[in-house]
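Residue numbers (the UniProt record's numbering): 1 to 282.
The next block holds one structure in the form of structure tokens; read it before the comments.
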């Protein structure tokens, strides 16, 4: 059970140096600002940087400042303004609140009727609970990048290409390493974008960036300042001690390599999800 109350109990008993929230999924990371308010030290990337990446509006403004491409977006606090923007950019659109758990409450909307129903039934929209609407890019490929940074240097663990078109959740998607269709030029651009984000936010620890790629151009989807589900896969595929490097960064030490974790010659990897169909009755 990962709750603020339980973590405070453990801290009061153990009096540990700090807590690592970047390896406990979105649930643990959402507790970061609350832990900081309680005076519990956070190891690794600062809570301020995490909030910038998690808050959709803040992150979009950061991308604009760094001139990193992103789909058209806007944050809304009323249904009327959201509907007007959707008409302006055209359907389909992606609707998502901030601080969501693994895609929870996100939805691709294909028309005005669906948008109005979703905003009235599925999410609460108000000045306290804004939602972000992003233009959904049809026919794009999704590419992910996992890396580790110490605030200055960046070790790219790998660039992973989804077999399915963009829109399939990462937990359900099939990944290929190295990418089959993403050109070296596009891969270099993705790595450059990840580096600029890492140095600007002073990321210390593992992080994951998700991109859309279409017609030789890329747009960023999101930045996760935590270890992704693909990091263990990359550690096994490359044979590189990625978790050891992440631990060094979390403790404020420099990582041992700046660049790309090499893939042994002739090796490739495919990550395939395993579904627990035997757990389902019928």
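Idealized CB from N, CA, C, for every residue including glycine.
None of the values given here were measured: they were computed from a predicted structure.
Short of 6 angstroms in beta carbon distance, which residues of its chain neighbour residue i, apart from the five on each side in sequence? Order them along the chain.
i	result
residue 267	none
residue 237	177 and 269
residue 187	159
residue 46	none
residue 140	166, 212 and 214
residue 89	72 and 135
residue 272	174
Name the two residues that bound the continuous alpha helix (DSSP H) containing residue i.
i	result
residue 97	Counting along the chain, residue 97 falls outside any alpha helix (DSSP H), though it belongs to the beta strand (DSSP E) covering 93-97.
residue 186	184-201
residue 12	4-14
residue 89	79-89
residue 298	Residue 298 is absent from the model: the chain starts at 1 and stops at 282.
residue 211	Where residue 211 is concerned, there is no enclosing alpha helix (DSSP H), although the beta strand (DSSP E) it sits in stretches over 204-214.
residue 231	231-238
residue 28	25-30
If I measure Cβ to Cβ from residue i and keep anything under 8 angstroms in the same chain, skipping five residues before and after, which residues do I get?
i	result
residue 2	24, 27, 28 and 31
residue 83	112, 115 and 116
residue 229	170 and 171
Since residue i contacts residue j with CB under 8 angstroms, what's their CB separation in whole angstroms?
i	j	result
residue 254	residue 150	5 angstroms
residue 212	residue 261	Contact doesn't hold; Cβ gap of about 24 angstroms is too wide.
residue 251	residue 157	Not quite, the Cβ-Cβ distance comes to about 19 angstroms (not below 8 angstroms), so this is no contact.
residue 53	residue 225	5 angstroms
residue 70	residue 220	5 angstroms
residue 153	residue 66	Incorrect: roughly 19 angstroms between the Cβ atoms, too far for contact.
residue 92	residue 129	About 23 angstroms separates the two Cβ atoms, so there is no contact after all.
residue 182	residue 161	5 angstroms
Could you pull out every residue in the same chain whose Cβ sits closer than 7 angstroms to the Cβ of residue i, ignoring the five residues on either side in sequence?
i	result
residue 101	Below a pLDDT of 50, predicted positions are generally treated as unreliable, and residue 101, at 48, falls in that range; no measurement from the model is reported.
residue 36	42 and 47
residue 231	146, 157, 206 and 242
residue 222	210
When every heavy atom of the ligand GTP is checked, does at least one fall within less than 7 angstroms of the C-beta of residue i?
i	result
residue 6	This structure lacks the ligand GTP; in fact it carries no ligand of any kind.
Between which two residues does the beta strand (DSSP E) holding residue i run?
i	result
residue 75	73-76
residue 217	217-224
Between the stretch 160-177 and the stretch 1-14, do at least 3 Cβ pairs fall closer than 8 angstroms?
no
Which full runs of the beta strand (DSSP E) of 3+ residues lie inside the stretch 110-192, going along the chain?
List check, beta strand (DSSP E) in window: 131-135, 141-150, 154-165 and 175-177.
Any contact between the stretch 194-201 and the stretch 58-67? By contact I mean 3 or more CB pairs, one from each, below 8 angstroms.
yes
Which whole runs of the beta strand (DSSP E) in the stretch 247-273 are 3 residues long or more, in chain order?
269-271
Does the stretch 207-224 touch the stretch 138-145, meaning 3 or more C-beta pairs lie closer than 8 angstroms?
yes
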